[in-house]
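Residue numbers (our numbering): 65 to 695.
Printed below as a string of structure tokens:
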């Protein structure tokens, strides 16, 4: 279809921004993924827009007011062509076609002008006012590339400005060129590039566009005669090597979990003691104010204690895991992980981009579901959404680590190795279920996988801390607390409202017990998983509450105390292994379910709850059946 008929979409809403009662001109930033477009946007607006070092990171439109000009800047999703092959490319195409932008900044990569200039030509055919921002000019200089920007500008007929957005170099010149473009009332789209637009040049449009890039760059770029291998190429011989990539990935995975396990114990204990002390102060205050005992119990023993447990258990490992994950992301390693696992995911009927969403799911399954937007094919995206909860999120790791340490391992290193093994099992099952879906509910033609491997870059520590702590750790923690507080009230009520000779909680556990025993669990464990639907972090404390017939959640000070309680209630290594497997494979938490419903609809949310639960019960039946068979 032609681009002139595209609807205004979000562009109309964005053009309504004003300053002092007058509308601000809207300037769009467009370009290929990973050319630093969002970095340019951040530098010009001062906003903390996420600039992950992989392709397809920006999916929704982001806008902000330029700090140095009266302009509204819109950061469009990265795309390779205005003939969309994914949701993000369709968003960028629709915005550019709606005509709401007064000008467009086409961001291209100085190191790959041949590739990124093809989209720029399509933009010039559509936008009356445009400026070419040649970003990453500093990296081009390091590679020995010499670019005649003046010659390229004269051939294109628009300003071409070299920039290095990470350091801010060239941004003033870019804004000056943009001022001149906005002031040009006679500007018009470049008719000579019209045939490069989808629907205008027929099936040969892309071939002709690539040939015209080649022609325009003749004599513009000069390369050194003798060029030594870059640092990225030398590292990739190991990081993306045929025989070294997988061992390196496993080593990094094991290292991340080991550091998380070792580093989280002490701060978790400190937080727990802090919440206990704070609870005592609040309780004393309530006594002075003569607050009713039932209200004190509901607020402190119910809500506050549950929230304190969640924060104490979640915050330390997240504060370690997310910075390490963000570090690998900023270095540029995660795209290599996707590249190296593409064959596995391709055999399963998906693509390597699902590896990125799986990695995000280790932190939070809800974030992993949202991250599935980067997957271009609709069926592959749905498969990735449905199977994302098969990988354990941060909230499930404390239970897995604790039970592995107490019942299955003799040291922290062994516990880390077991945890990594359970993660690999989860990834294998994810691939298996994805394969089954691709052959049944989601069968059909698969999309092509296009991912560019960016150069390795040193991370900016300030941005890394902000993004990992504020944007990820505290964001996920806030959502967990929001559901843990009301869940604490429900749990407190179930433990304190009595029917007959016991509480509602004990009656619920007794009701579930015959069914749960068949799968190697018991009623208290299964009830804990059901009542822990708001947050996986409270599953273990609910089970302890049921075992001790307590009136509120109580923390156990050490693994030895936890072992005493669990072993006294009949736990063995088989029970621990069964609980770990069910923790890996059961329904996702409430936050993830709501996110799936928002991203894919109610039908897929229900399927996302049913599939992992069915897999979990099948594995438990097989495990415990085999153990009973061999005695």
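Quick reminder that beta carbons are idealized off the backbone N, C-alpha and C, glycines included. These numbers were taken from a predicted model, which means no experiment stands behind them.
Restricting attention to alpha helix (DSSP H) runs no shorter than 4 residues, the stretch 659 to 687 encloses none. Under the three-pair Cβ rule at 8 Å, the stretch 359 to 375 does not count as touching the stretch 415 to 431. Closest in alpha carbon position to residue 219, among 141, 587, 277, is 277.
When rounded, the separation of the alpha-carbon atoms in residue 319 and residue 366 is 37 Å. By the Cβ rule, the stretch 519 to 535 does not count as touching the stretch 325 to 335, because fewer than three pairs are nearer than 8 Å. Taking the CA atoms as reference points, residue 690 sits about 10 Å from residue 684. Annotation for residue 470: 623, 626, 627, 630, 640 place their beta carbon closer than 8 Å to its own, counting only its chain and skipping 5 residues before and after. Per DSSP, the unbroken beta strand (DSSP E) holding residue 196 starts and ends at 194 to 199. Of 235, 409, 159, the smallest CA-CA separation from residue 104 is found for 235. Residue burial is scored here from C-beta neighbours: residue 411 has fewer than 16 other C-beta atoms within 10 angstroms and is therefore classed as exposed. Counted as a single uninterrupted DSSP element, the beta strand (DSSP E) harbouring residue 127 occupies residues 126 to 129. Within the stretch 424 to 485, no run of beta strand (DSSP E) reaches 3 residues while sitting entirely inside it. 227 is the residue among 227, 210, 190 whose C-alpha sits nearest the C-alpha of residue 199.
Here residue 672 is near residue 656, since their CB atoms are less than 9 Å apart.
Under the DSSP assignment, residue 234 falls outside any alpha helix (DSSP H); it carries neither an H nor an E label. Collapsing the DSSP output to three states places residue 331 in a helix.
Around the Cβ of residue 358, a 10 Å sphere holds fewer than 16 other Cβ atoms; the residue is exposed.
Per DSSP, the continuous beta strand (DSSP E) segment holding residue 90 begins and ends at 90 to 95. Spatial neighbours of residue 239 in its own chain (CB-CB distance under 7 Å, excluding positions within 5 residues in sequence) are listed in chain order as 132, 133. If you draw a straight line from the Cα of residue 381 to the Cα of residue 327, it is about 8 Å long.
Between residue 573 and residue 610 a beta carbon distance of about 5 Å is seen, short of the 8 Å cut, so the two are scored as contacting. Taking all protein chains shown into account, residue 430 has 16 or more neighbouring C-beta atoms within 10 Å of its C-beta and is therefore buried.
DSSP places residue 137 in the uninterrupted beta strand (DSSP E) bounded by 136 to 139. Only residues of its own chain outside the window of five on either side were considered, and among them 134, 135, 136, 166, 167, 246 have a CB closer than 8 Å to the CB of residue 89, listed in chain order. Residue state for residue 284 is assigned as coil, using DSSP reduced to three classes.
Distance from the CA atom of residue 472 to the CA atom of residue 486, rounded to whole angstroms, is 12 Å. Residue state for residue 396 is assigned as coil, using DSSP reduced to three classes. Of the candidates 259, 257, 221, 377, 221 places its Cα closest to the Cα of residue 241. Between the stretch 563 to 583 and the stretch 368 to 382, the count of Cβ pairs shorter than 8 Å is below three; the stretches do not touch. Secondary structure at residue 566: strand, using DSSP grouped into helix, strand and coil.
Annotated three-state conformation of residue 561 is coil, per DSSP. In the three-state scheme derived from DSSP, where H, G and I count as helix and E and B as strand, residue 298 is classed as helix.
Scanning the stretch 565 to 607 from its first residue to its last, the whole alpha helix (DSSP H) runs of 4-plus residues come out as 568 to 582, 587 to 595.
Excluding the 5 residues flanking it on each side, residue 537 has same chain C-beta neighbours closer than 6 Å at 382, 383, 386, in chain order.
Separation of residue 428 and residue 594 (C-alpha to C-alpha, rounded to the nearest whole angstrom) is 19 Å. DSSP lists no beta-bridge partner residue for residue 529.
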